[in-house]
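J.: Dropping a structure here in C-alpha cells format, bear with me for questions.
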Amino acid sequence: MGAKSAAPPPSCYDKAVELLARRPHFRAQLAAKLERRGYSAEEIAETLARLAGQGYLDDAATAAGVVAARRGGEGRSRLRFELERRGAPKEAVEEALGALSEDDLEQTRAAARSWLSRRPARRPPALRTATDAVRRELAALARHLARKGFSQRAIFAVLKQRPADSDDAADPPDPDNAVDSADLGAPAEPHDPDDSAREP
C-alpha cells in the first residue's frame, strides 16, 4: 500500500478562523500571523474583509474585552502597552481606556493586597519600626505596582497608608525614587503559541 499523500495546507480563511477560535485577535494582529504563515497579501485582505463582514473581526470589541479581563490587576499604562503590543488601532485603544475611571486608587489597593498576601511573613502591619527591612518592602511594592501600570499618585497613596496607632512607622518611599527606571520598562512579551514558525 502506498504512502498517504500529505493533506493540503488550510486556506487563508480556514487558518484565520482557526486562530480566532483560540482567542480574539485584532485585525493587524491576525494579518501579521497570516503573513508569517506564507499567505499572500491578496489572500489576507480578502480573508479579513470576509471575517469583518461576518462580525468575527471587531477591534473595538476586542480592545474592550482585553481591558475588562485585565483591569482588576493592571493599571492604565500597562493596559495601553498590552493593547498596542497586540496590534490594537489607536482609536480602539483610546475608546477602551476612555471607559475607565481616572481614579485607580481602589485597583491599586487591591493589587497591593494581592501582592502582600503572597508575602505573609513581611506584611507592613507587622513591621512598625523605621528599619531598612520596612523600606525595602515598601520599595519592592512600589516597583511591583509601577510595573503593573498604576498611576504614581495611587501608588504613593497606597505606600503612605500605615497602622494608625504607629507613630514610628517608616515614611513611605517616594515612588519616583523607589522605582528604578529599569523597572518601569515594558514587560517581556509572552510567548504566543500561535506564532510557532513550524505551524502551517
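In this note's numbering, each residue's number is its place in the sequence shown (first place is 1) plus 51.
From the three backbone atoms N, C-alpha and C, an ideal C-beta is built for every residue, glycine too.
Everything numeric in this text was worked out from a predicted model, so none of it was measured.
(1) Pick helix, strand or coil for E135, following the three-state DSSP scheme.
(2) State yes or no: is the C-beta of A162 within less than 8 Å of the C-beta of F201?
(3) Which of the three DSSP states is assigned to Q203 in this structure?
(4) How close, in whole Å, do the beta carbons of L156 and R122 come, if the pair is a contact with beta carbons under 8 Å?
(5) What's the gap between the Cα of A205 and the Cα of E94?
(6) Please go through the same chain and pick out, in chain order, the residues whose beta-carbon is closer than 8 Å to the beta-carbon of G116, but skip the five residues on each side of it.
(7) Would you kindly report the start and end of the unbroken alpha helix (DSSP H) that includes R170?
(8) How long is the line joining the alpha carbons of E146 and F132, rounded to whole angstroms?
(9) Count the other CB atoms, across all protein chains shown, that sit within 10 Å of the CB of K141; report buried if there are 16 or more and exposed otherwise.
(10) If we ignore side chains and look at the alpha-carbon of each, how far apart do G126 and A103 end up?
T.: Put simply:
(1) helix
(2) yes
(3) helix
(4) Actually they do not touch by this definition, with Cβ atoms about 14 Å apart.
(5) 48 Å
(6) P75
(7) Segment: none, R170 is in no alpha helix (DSSP H) and carries neither H nor E.
(8) C-alpha separation (whole angstroms): 14 Å.
(9) exposed
(10) Straight-line Cα distance between these residues: approximately 30 Å.
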